[in-house]
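Let me begin by presenting the structure, written as structure tokens, before commenting on it.
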Amino acid sequence: MRPYRGVPLLALALTSVALTAPAPSAAAADGHCDRQERVRVPGAAHQRSACLADLTTTGLAGTPYTDMADQAGLTAADTRSPSGVPGVQIDGYFPDSSRFNNTHGWKHDAQFVIRLPDRWNGGLVVTGAPGTRKQYATDKAISDQVLARGYAYAATDKGNSGVDFYRDGRRPGDAIAEWNMRTTQLTRAARKAVAQRYGHAPSRTYITGISNGGYLTRWQLENHPELYDGGVDWEGALWTADGPNLLTSLPATVARMLGGARDEDLHAVGFAPGSEFLWPYHEKAYWGLTQKIYRAEFDPSYDSACPGPSAGSTTEEILAPCASDAAYDYAGRPASVHRAVARVSLSGRIGKPLITLHGDLDALLPKAADSDVYARMIEARGRGGLHRYYTVQGGTHVDGLYDTYADRLRPILPCHRSAFDALVAWVERGVRPPADHTITRPADGDVVNSCALGGDGTSER
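Under the numbering used here, the residue at position 199 of the sequence shown is numbered 199, and the numbers go up by one with no gaps.
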């Protein structure tokens, strides 16, 4: 895990790294970039294209075409990734008034990356950045694998990023509402860019994501199912107007940090017994920061002085909790706060197949207060036939923690890869995935790079 000013920040890290290494040399003149300059991303205010010999992180590490620092902690160190995928990469941004994302020195939000492999299978995979990261955050976790399978790939920074994202917009909830809009915008634009590159629109479009990217997957399948054929939700954040949501579970963690709550209080709001060994790390890297910036997004009047106009300028300031959040009572807050959350809330009314993965040791978004609830919401909407829900035994919110606790954790990434394959088989061949269950942690074997989705590794038809 990469230290950020001395402290390891993972899914909610603000890392802005200037990537100034020379670009990879263009591939030999073999015709694979014939249409490169003809691909224009509809609606983009700026774009630039590059013909690259390898679109994966193996080929792009150290170049301006990815940001390895922004991926820190999302994957286990021994994760194996494919490589050797030539094609075209398009970087750019859509019109936007905010300036949180300084990637490429642009100081412009709504940045995106689109990758178009030479050997295309006819499909497109779309994602949004997890946490408050940017468009390259899931290059190793998602892009590498889907590119190797022949999919085109598109990712967005969601329209704002960094720990001060809550400053974007005019009304409470505006910043997160923009995340959904930017994902829809990129999906539509990427489908048209794909058609320009290959001569026809993608036959299949899938959406997937981690954490906030998982939330985007859920929201898109509820609100724009016409754009997608299905999705994989990797521990997506749950927002509901009346709770549960982050603001109903995290105040107890802040209270515990400040000596005002016991372990039992965290268990009561959903944190799993047995996850306690992860709590000291989350106290340092997640809990106080997450509560204060999302509360500032939806309820800025609760404590206007903390976090104020910025979450902080030093590591200590950024990670420090607001003392007032220890007593935060979402249920008792004004109706205007609940309306702000309602603007981005999930309903469970998915319109296309969805597979959800959630680790039973998630110490940031506990599954009992998140995916367990969302699965029930889907059932209540009569959409259970479109959903599969797998609990990953030993899984936690970011796979990088496996490197510290290999005896107690397992990475979720290999299960995500298996789930994506299962989704494709479900959508394209009618092979139904296994019923909802817990994917047990094997006593031996390579848990970093393999995961049998079913108990016996099979699917039912």
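C-beta atoms are modelled at their ideal positions from N, C-alpha and C, and glycine is treated no differently.
Alpha carbon to alpha carbon, what distance is there between residue j and residue i?
{"i": "G259", "j": "R295", "result": "21 Å"}
{"i": "L361", "j": "R410", "result": "10 Å"}
{"i": "L124", "j": "E283", "result": "38 Å"}
{"i": "R80", "j": "T57", "result": "11 Å"}
{"i": "E379", "j": "R339", "result": "24 Å"}
{"i": "D164", "j": "K107", "result": "14 Å"}
{"i": "Q185", "j": "P280", "result": "39 Å"}
{"i": "S143", "j": "S161", "result": "20 Å"}
{"i": "G231", "j": "G454", "result": "18 Å"}
{"i": "G332", "j": "V427", "result": "43 Å"}
{"i": "D299", "j": "Y215", "result": "20 Å"}
{"i": "A61", "j": "S83", "result": "12 Å"}
{"i": "T156", "j": "P334", "result": "33 Å"}
{"i": "N449", "j": "S301", "result": "46 Å"}
{"i": "G43", "j": "A189", "result": "7 Å"}
{"i": "Y151", "j": "R383", "result": "28 Å"}
{"i": "K352", "j": "T208", "result": "13 Å"}
{"i": "P309", "j": "A175", "result": "14 Å"}
{"i": "A369", "j": "A72", "result": "26 Å"}
{"i": "P321", "j": "S98", "result": "26 Å"}
{"i": "S418", "j": "S304", "result": "45 Å"}
{"i": "P434", "j": "L423", "result": "11 Å"}
{"i": "E297", "j": "C451", "result": "37 Å"}
{"i": "C306", "j": "L247", "result": "16 Å"}
{"i": "Y153", "j": "L289", "result": "31 Å"}
{"i": "A201", "j": "R191", "result": "6 Å"}
{"i": "D30", "j": "H358", "result": "Low per-residue confidence applies at D30: pLDDT is 45, beneath 50, and the placement is therefore not dependable, though the value from the model is reported in the following sentence. Taking the straight line joining both Cα atoms gives about 44 Å."}
{"i": "A462", "j": "V254", "result": "As shown, the chain starts at 1 and ends at 461. That puts residue 462 outside it, with no answer to give."}
{"i": "T187", "j": "R40", "result": "14 Å"}
{"i": "V269", "j": "Y328", "result": "13 Å"}
{"i": "L55", "j": "A342", "result": "39 Å"}
{"i": "A323", "j": "L74", "result": "29 Å"}
{"i": "E226", "j": "V431", "result": "21 Å"}
{"i": "D242", "j": "G199", "result": "47 Å"}
{"i": "R429", "j": "H416", "result": "19 Å"}
Considering Cα atoms alone, identify which of the options is closest to residue i.
{"i": "G400", "options": "A177, L60, A141", "result": "A141"}
{"i": "G445", "options": "T127, P414, A425", "result": "P414"}
{"i": "T132", "options": "Y151, N101, D118", "result": "N101"}
{"i": "G105", "options": "L116, D118, P117, D91", "result": "D91"}
{"i": "L365", "options": "H397, A335, R383, L346", "result": "H397"}
{"i": "G395", "options": "G385, Y405, D403, I412", "result": "I412"}
{"i": "P244", "options": "R188, G199, Y286, M377", "result": "M377"}
{"i": "Y286", "options": "G270, R38, V269, M257", "result": "M257"}
{"i": "L250", "options": "V424, Y93, I293, Y228", "result": "I293"}
{"i": "H46", "options": "L74, P86, F112", "result": "F112"}
{"i": "L386", "options": "T66, D436, H416", "result": "D436"}
{"i": "Q89", "options": "A69, R38, D70", "result": "R38"}
{"i": "G87", "options": "A452, C451, R115, V344", "result": "R115"}
{"i": "A69", "options": "M181, R40, K134", "result": "K134"}
{"i": "Y93", "options": "V447, T66, K158", "result": "K158"}
{"i": "H267", "options": "E226, Y330, K367", "result": "K367"}
{"i": "S203", "options": "Y228, M181, R182, T183", "result": "Y228"}
{"i": "D109", "options": "L55, R182, I350", "result": "R182"}
{"i": "P64", "options": "L74, R48, Y330", "result": "R48"}
{"i": "L238", "options": "Y330, G348, Y206, E226", "result": "G348"}
{"i": "Y206", "options": "V431, R432, A425", "result": "A425"}
{"i": "T66", "options": "C33, D96, T103, P95", "result": "T103"}
Just grab the DSSP bridge partners of residue i for me.
{"i": "Y389", "result": "T356"}
{"i": "R204", "result": "G123"}
{"i": "I486", "result": "The structure shown has nothing for residue 486, since the chain only spans 1 to 461."}
{"i": "Q89", "result": "A50, R115"}
{"i": "D233", "result": "G209, T356"}
{"i": "Y153", "result": "R115, V125"}
Flag this pair as yes or no: are the beta carbons of residue i and residue j separated by less than 8 Å?
{"i": "R388", "j": "I355", "result": "yes"}
{"i": "W179", "j": "I210", "result": "no"}
{"i": "Q291", "j": "D325", "result": "yes"}
{"i": "L346", "j": "T217", "result": "no"}
{"i": "G59", "j": "A50", "result": "no"}
{"i": "D403", "j": "A77", "result": "yes"}
{"i": "G236", "j": "T127", "result": "no"}
{"i": "P130", "j": "V85", "result": "no"}
{"i": "F420", "j": "A363", "result": "no"}
{"i": "V447", "j": "G173", "result": "no"}
- request: Evaluate the contact criterion for the region 438 to 452 versus the region 371 to 380: three or more CB pairs, one atom per stretch, below 8 Å.
  value: They do not touch, by the three-pair rule.
query: Three or more beta-carbon pairs under 8 Å between the region 132 to 141 and the region 191 to 198, yes or no?
result: No, they do not touch.
field: Touch test, the region 264 to 281 against the region 209 to 229, Cβ-Cβ under 8 Å, three pairs minimum
entry: Here the region 264 to 281 does not lie against the region 209 to 229, with fewer than 3 beta-carbon pairs under 8 Å apart.
message: I'd like to know if the region 312 to 322 and the region 145 to 162 are in contact, where contact means that at least 3 CB-CB pairs between them fall below 8 Å.
response: Not touching, per the Cβ criterion.
query: Hey, is the region 164 to 176 in contact with the region 113 to 124, meaning 3+ C-beta pairs nearer than 8 Å?
result: Here the region 164 to 176 does not lie against the region 113 to 124, with fewer than 3 beta-carbon pairs under 8 Å apart.
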